[in-house]
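Novice: Next up is a structure, given as structure tokens.
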Amino acid sequence: MKQNTHPTNHPAIFVDTSCGVEFKTTSTMNGEDTRDIDGVTHQVHNIEISSASHPFYTGKEMLIDTARRVEKFQARMQKQEDTAKGRKGKKAKRATRAATKEKEANTETKEDVK
Numbered sequence: 048m049k050q051n052t053h054p055t056n057h058p059a060i061f062v063d064t065s066c067g068v069e070f071k072t073t074s075t076m077n078g079e080d081t082r083d084i085d086g087v088t089h090q091v092h093n094i095e096i097s098s099a100s101h102p103f104y105t106g107k108e109m110l111i112d113t114a115r116r117v118e119k120f121q122a123r124m125q126k127q128e129d130t131a132k133g134r135k136g137k138k139a140k141r142a143t144r145a146a147t148k149e150k151e152a153n154t155e156t157k158e159d160v161k
């Protein structure tokens with residue numbers, strides 16, 4: 048069997064940045080920050096959401112947006128609504144096209160009469 052095939056397990060702390068809850072566990076991830084607890088060095092990993100802050104587990108509706116995703120989406124939707132207000136619909140375009148054709152037809156018949 049090959050030696051050293053499994054990754055090394057380190058003591059770790061996962062910190063939920065949205066509510067500040069800390070989970071003490073082990074992990075194979077390497078973290079940059081470290082913290083000593085009871086003489087043991089733990090690697091610190093910051094996470095955006097966990098079971099302590101996720102709406103499915105807490106039953107509370109919270110808006111957690113650290114990457115501005117919601118604001119970007121709302122801005123995109125507002126821009127789309129603004130452009131849609133300035134646009135004409137299919138029916139309006141067809142009606143104006145029919146009106147211009149009718150005008151052209153009327154002017155041609157008047158010229159033919161003269």
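This note's numbering runs 47 ahead of the 1-based position in the sequence shown.
Glycine residues also receive a C-beta, built at the ideal position from the N, C-alpha and C atoms.
Fair warning: this is a prediction, and the values are worked out from it, not measured in the lab.
1) Nearest to residue 87 by alpha carbon, out of 69, 59 and 142?
2) Specify, as a first and last residue, the run of the beta strand (DSSP E) that residue 71 falls within.
3) Let me confirm a value: residue 89 is counted as buried when at least 16 other C-beta atoms fall within 10 Å, else exposed. Which label applies?
4) Do residue 100 and residue 61 have their beta-carbon atoms positioned less than 8 angstroms apart in this structure?
5) Apply the 10 Å Cβ neighbour rule to residue 63 and answer buried if 16 or more other Cβ atoms are within range, or exposed otherwise.
Specialist: Let's see:
1) The residue given as residue 87 occupies position 40 in the sequence shown. Closest option to residue 87, Cα to Cα, is 59.
2) Taking the sequence shown and counting its residues from 1, one reaches residue 71 at position 24. Taken as a continuous stretch (DSSP letters only), the beta strand (DSSP E) holding residue 71 covers 69–74.
3) The residue given as residue 89 occupies position 42 in the sequence shown. Counting Cβ neighbours within 10 Å, residue 89 comes out buried, since at least 16 surround it.
4) Counted from its first residue, the sequence shown places residue 61 at position 14. Counted from its first residue, the sequence shown places residue 100 at position 53. It is not a contact, given that the beta carbons lie outside the stated cut-off.
5) Residue numbering aside, residue 63 sits at position 16 when the sequence shown is read from its first letter. Buried is the call here.
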